[in-house]
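K.L.:
There are 2 protein chains.
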Amino acid sequence: MPLLAGQSPADQGEPGTARRPRVGHIDFLNCLPLFWGLARTGHLFDFDLRRESPERLSDALVAGELDIGPISVMEYLRNAEDLVVLPDIAVGADGSVMSCLLLSQLPLEELDGKPLACTTTSRTSVRLAELLLSDSIGVRPEYFSCPPDLPTMMAGAPAAVVIGDAALRASLLDAGTFGYEIHDLGQMWREWTGLPFVFAVFAARRSFLEAKPELVHEVHEGFLASRKLFLDEIDEVCAKAARWEAFDAQTLKGYYLSALDFSLGERQLAGIREFASRVGGVEAGFSPDVRIHLLETGHAA
Amino acid sequence: MPLLAGQSPADQGEPGTARRPRVGHIDFLNCLPLFWGLARTGHLFDFDLRRESPERLSDALVAGELDIGPISVMEYLRNAEDLVVLPDIAVGADGSVMSCLLLSQLPLEELDGKPLACTTTSRTSVRLAELLLSDSIGVRPEYFSCPPDLPTMMAGAPAAVVIGDAALRASLLDAGTFGYEIHDLGQMWREWTGLPFVFAVFAARRSFLEAKPELVHEVHEGFLASRKLFLDEIDEVCAKAARWEAFDAQTLKGYYLSALDFSLGERQLAGIREFASRVGGVEAGFSPDVRIHLLETGHAA
Numbered sequence: 135m136p137l138l139a140g141q142s143p144a145d146q147g148e149p150g151t152a153r154r155p156r157v158g159h160i161d162f163l164n165c166l167p168l169f170w171g172l173a174r175t176g177h178l179f180d181f182d183l184r185r186e187s188p189e190r191l192s193d194a195l196v197a198g199e200l201d202i203g204p205i206s207v208m209e210y211l212r213n214a215e216d217l218v219v220l221p222d223i224a225v226g227a228d229g230s231v232m233s234c235l236l237l238s239q240l241p242l243e244e245l246d247g248k249p250l251a252c253t254t255t256s257r258t259s260v261r262l263a264e265l266l267l268s269d270s271i272g273v274r275p276e277y278f279s280c281p282p283d284l285p286t287m288m289a290g291a292p293a294a295v296v297i298g299d300a301a302l303r304a305s306l307l308d309a310g311t312f313g314y315e316i317h318d319l320g321q322m323w324r325e326w327t328g329l330p331f332v333f334a335v336f337a338a339r340r341s342f343l344e345a346k347p348e349l350v351h352e353v354h355e356g357f358l359a360s361r362k363l364f365l366d367e368i369d370e371v372c373a374k375a376a377r378w379e380a381f382d383a384q385t386l387k388g389y390y391l392s393a394l395d396f397s398l399g400e401r402q403l404a405g406i407r408e409f410a411s412r413v414g415g416v417e418a419g420f421s422p423d424v425r426i427h428l429l430e431t432g433h434a435a
Numbered sequence: 135m136p137l138l139a140g141q142s143p144a145d146q147g148e149p150g151t152a153r154r155p156r157v158g159h160i161d162f163l164n165c166l167p168l169f170w171g172l173a174r175t176g177h178l179f180d181f182d183l184r185r186e187s188p189e190r191l192s193d194a195l196v197a198g199e200l201d202i203g204p205i206s207v208m209e210y211l212r213n214a215e216d217l218v219v220l221p222d223i224a225v226g227a228d229g230s231v232m233s234c235l236l237l238s239q240l241p242l243e244e245l246d247g248k249p250l251a252c253t254t255t256s257r258t259s260v261r262l263a264e265l266l267l268s269d270s271i272g273v274r275p276e277y278f279s280c281p282p283d284l285p286t287m288m289a290g291a292p293a294a295v296v297i298g299d300a301a302l303r304a305s306l307l308d309a310g311t312f313g314y315e316i317h318d319l320g321q322m323w324r325e326w327t328g329l330p331f332v333f334a335v336f337a338a339r340r341s342f343l344e345a346k347p348e349l350v351h352e353v354h355e356g357f358l359a360s361r362k363l364f365l366d367e368i369d370e371v372c373a374k375a376a377r378w379e380a381f382d383a384q385t386l387k388g389y390y391l392s393a394l395d396f397s398l399g400e401r402q403l404a405g406i407r408e409f410a411s412r413v414g415g416v417e418a419g420f421s422p423d424v425r426i427h428l429l430e431t432g433h434a435a
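If you read the sequences in order, they're chains A and B. Numbered per the working numbering, the first sequence spans residues 135 to 435. Numbered per the working numbering, the second sequence spans residues 135 to 435.
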């Protein structure tokens, strides 16, 4: 009964049993909406859900160890030919995102040649920060990887890129205390390009779609129903999460409703294409005009 | 955001955040009712749920790596002083259990001195089989551990103890085909003693109860609400599970409603005491009159 498997279920290939689709789940507050809805609707019981860090899920999807899951936009673009993007759902921001930040002890213009600490936990965010600093601000710091602990990062460098719950905590609780400048990467991108930024898409492996198209559509519909239920029950979810997290319910609600953008429509796709066109090339591992394959759903994305 | 952690959550000990209770979950069909309800009611989001095999969960609870969880009755009895049992909920059977079987190629009376293969995955069931064979049937086979694969077990021995989903499969699908005698350990116990048999209880660590009594009561109420919701929605759950398991919905419903007994009241407690009195002693690691500490809930268990 593989519901939330880390290991492989024993019943794979058993006669008379079908295999649940292996679906990735990220244990960040930004993915709570999806998980909440999947549990409450019961869709969870039709998935073999694998909880992992964003990088490991991205790698697992590329390696074929997952059938469907979230994947960072950089990794997606590098593997766009093997993947099909689920429309209408993503993790992004149309402006300030709150959980993807450049924190600096100096004005950004003074960071040229200076060390810049990056959490090892996000390829897309680091590439976005690098792009914004070089092409929008005009500085080229020396990037180095660092575990996501803000005081350590800021002891070794005048600036740092932090993401996820740690960034949210920094953004709301710590940064002001320490007097860092807070630059929101979602907002910087929006001001520079006029577009939303998509941090992660949900994609299915093309080979899985070909083998089990009905399951891919079902998982997609499960995600959409899940997001809808989350929005209906957002006050309850935020109250519940606030009990265990360092944020109050009102702050969490603001994060979900005002900062995060869970949609993937024309503007979000334009944001992905814009990012690809600016960072694509041999070094990035994909073409600037890489083609995005969307799952066909019978209605416009 | 530790919802379904394998690893430890990063936010433990963070100022301003409380720690979710670490609750064990077994990924067997017999625990699906609880998990279904926890997901559907949203209680899941207040637990740091750890999915593991029954033995590993038992060990984790004893070692203090879990706060609350299912524990096999043998392990519970050995650690009864450190644990408090949650009333009104358990995994047992008041008669035939279907998923805890003695399969034999010979009449049971002929098994004296013969090898008997036991799955390594259950201490309580093996001890129950041993007790029934020695004290009720009057034979003493030579027990040996074996991975839970029926053909392998039956190639090396004339009889085997199998439990869990594998036993359920054997009971419903395979055993008839191969012509084995099927003896249901729940039914044998009931015929011998007139009592239900409890395979696992849910217990909290005494130290956790002393530190966080309100959380233990909340988890307990979550379990009870969860079981209730499962019963309300049993047709939906069985239809969903049947899609992925080797059993049809009607069979699963029969297993949940007729075979399994999720209650823990006076008769079930009498069953545990009877078992303890028969197997207790130095070798077992607990006294035959070991005292069972029940969580006080303000109403009779």
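C-beta: ideal position from N, C-alpha, C; glycine also. Since the structure is predicted, the reported quantities are computational estimates derived from the model, not experimental observations.
When DSSP labels each residue in this structure, what does B/Tyr277 get in the three-state scheme?
P.N.:
strand
K.L.:
Check this for me: beta carbons of B/Ala214 and B/Phe420, under 8 Å apart or not?
P.N.:
yes
K.L.:
Kindly provide the ranges of any beta strand (DSSP E) runs that are 3 or more residues long and lie completely inside the stretch 212–265 of chain A, ordered along the chain.
P.N.:
217–227, 234–238 and 249–253
K.L.:
Give, in chain order, every residue of the stretch 393–415 of chain A whose Cβ lies closer than 8 Å to some Cβ of chain B.
P.N.:
none
K.L.:
The beta strand (DSSP E) spanning A/Glu315 covers which residue range?
P.N.:
Glu315 to Asp318
K.L.:
Mind checking who A/Pro422 pairs with in its DSSP beta bridge?
P.N.:
None; A/Pro422 has no bridge partner.
K.L.:
Alpha carbon to alpha carbon, how far is B/Phe333 from B/Arg425? Give it in angstroms, no decimals.
P.N.:
17 Å
K.L.:
Work out the CA separation of A/Ser411 and A/Asp119 for me, nearest whole Å.
P.N.:
The structure shown does not extend to residue 119 of chain A, since chain A spans only 135 to 435, so no value can be given for it.
K.L.:
What residue range does the beta strand (DSSP E) around B/Pro204 cover?
P.N.:
Ile202 to Ser206
K.L.:
Which runs of the alpha helix (DSSP H) fall wholly inside the stretch 317–403 of chain A and span at least 4 residues, in chain order?
P.N.:
319–327, 340–345, 347–366, 368–378 and 383–388
K.L.:
If you follow the alpha helix (DSSP H) that A/Arg190 is part of, which residue opens it and which one closes it?
P.N.:
Pro188 to Ala197
K.L.:
Can you give me the start and stop residues for the beta strand (DSSP E) that B/Arg156 sits inside?
P.N.:
Residue range Arg156 to Ile160 is occupied by the beta strand (DSSP E) that includes B/Arg156.
K.L.:
I need the boundaries of the alpha helix (DSSP H) containing B/Ala294, first residue and last residue.
P.N.:
No alpha helix (DSSP H) contains B/Ala294, which is instead part of the beta strand (DSSP E) from Ala293 to Ile297.
K.L.:
What residues of chain A sit near B/Ala152, judged by a beta carbon separation below 7 Å?
P.N.:
Arg377 and Trp378
K.L.:
Measure how close the beta-carbons of B/Phe396 and B/Asp299 come, nearest whole angstrom, since I'm counting them as under 8 Å.
P.N.:
Not quite, the Cβ-Cβ distance comes to about 17 Å (not below 8 Å), so this is no contact.
K.L.:
DSSP beta-bridge partners for A/Asp182?
P.N.:
A/Arg156
K.L.:
Using a Cβ-Cβ cut-off of 8 Å, state whether A/Asp193 counts as contacting chain B.
P.N.:
no
K.L.:
Quick one: residues in its chain with C-beta nearer than 7 Å to the C-beta of B/Arg212, no 5 flanking neighbours on either side, listed in chain order?
P.N.:
Gly419 and Phe420
K.L.:
How would you call A/Ser238, buried or exposed, if buried means at least 16 neighbouring beta carbons within 10 angstroms?
P.N.:
Using a 10 angstroms sphere on the CB of A/Ser238, the tally of other CB atoms reaches 16 or more, which defines it as buried.
K.L.:
Along the stretch 172–194 of chain B, where does the CB come closer than 7 Å to a CB of chain A? Name the residues.
P.N.:
Listed by position along the chain: Ala173, Arg174, Gly176, Leu178, Phe179, Asp180 and Arg185.
K.L.:
Using a Cβ-Cβ cut-off of 8 Å (strictly less than) and excluding sequence neighbours within five positions of B/Val157, which residues of its own chain qualify?
P.N.:
Phe181, Asp182, Leu183, Arg184, Leu200, Asp201, Ile202, Gly203 and Val353
K.L.:
Would you tell me roughly how many angstroms separate the C-alpha atoms of B/Pro167 and B/Leu242, rounded to the nearest one?
P.N.:
34 Å
K.L.:
So for B/Leu163, helix, strand or coil by DSSP?
P.N.:
helix
K.L.:
In whole angstroms, what is the alpha-carbon distance linking B/Ala294 and A/Ser360?
P.N.:
45 Å
K.L.:
In whole angstroms, give me the CA-to-CA distance for A/Glu264 and A/Arg377.
P.N.:
36 Å
K.L.:
For a quick check, are the C-beta atoms of A/Phe336 and A/Phe357 less than 8 Å apart?
P.N.:
In this structure, A/Phe357 lies closer than 8 Å to A/Phe336 by Cβ.
K.L.:
Can you determine whether any heavy atom of the ligand HEM sits closer than 7 Å to the C-beta of B/Arg407, and answer yes or no?
P.N.:
For the ligand HEM, the structure offers nothing, since it holds no ligand at all.
K.L.:
Does DSSP put A/Leu429 in a helix, a strand or coil?
P.N.:
coil
K.L.:
Where DSSP assigns a beta bridge to B/Gly415, which residues make up the other side?
P.N.:
B/Phe420
K.L.:
Over what stretch of residues does the alpha helix (DSSP H) that includes B/Pro285 continue unbroken?
P.N.:
Leu284 to Gly290
K.L.:
When you compare the CB of A/Gly374 with every CB in chain B, is at least one pair closer than 8 Å?
P.N.:
Before going on, a small fix: residue 374 of chain A reads as Lys here, not Gly. Using beta-carbon distances, A/Lys374 counts as an interface residue toward chain B, with a partner under 8 Å.
K.L.:
In angstroms, rounded to a whole number, what distance separates the CA positions of A/Trp323 and B/Leu394?
P.N.:
57 Å
K.L.:
Starting from B/Trp170, find everything on chain A with Cβ-Cβ shorter than 8 Å and list it in chain order.
P.N.:
Gly176 and Phe179
K.L.:
Looking at B/Leu319 and B/Ser259, is the spacing between their C-beta atoms short of 8 Å?
P.N.:
The answer is yes: Cβ separation under 8 Å.
K.L.:
Here's the rule: buried if 16 or more other CB atoms are within 10 angstroms of the residue's CB, otherwise exposed. What is B/Pro281?
P.N.:
exposed
K.L.:
Are three or more beta carbon pairs between the stretch 335–351 of chain B and the stretch 217–226 of chain B nearer than 8 Å?
P.N.:
yes
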